[in-house]
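Residue numbers (the working numbering): 4 to 129. Heads up, the beta-carbon is just placed ideally off N, CA and C, and yes, glycines get one too.
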């Protein structure tokens, strides 16, 4: 039994990097100035999603830059339906403002459909 537990732990630890490589999920935590920044590398075929809950009418200014074209969207879920306040294909940079249409969890998502690792920098201010 003891060996089974150790083997199970070993298998879980070996699979952890593969699970992390699938997707990067990041929660927004604003600093005292109401700003959040994040930089990441996104492997080919992978994505990163940066999310937080916002109130209806809350205004957010955001910007991103990438060294490779990315599939990008801002989305939230209304029941089984997914709403997209913003979508871009093959974008390397964008800057805009989002006024939250409803109280909801909003996610900025970038997918690297290319064949090279992409560097991303993102900032949002409330």
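Partner residues in the beta bridge of residue 108, as assigned by DSSP, are 56. Measuring C-alpha to C-alpha distances from residue 113 to each of 50, 62, 79 identifies 50 as the nearest.
Within the DSSP secondary-structure output, residue 76 pairs in a beta bridge with 90, 112.
Here residue 85 is exposed: its Cβ has fewer than 16 other Cβ atoms, across all protein chains shown, within 10 Å. Here residue 47 really is in contact with residue 118; their C-beta atoms are around 5 Å apart, less than 8 Å. Ranked by Cα distance from residue 128, the options 105, 121, 98 are led by 98.
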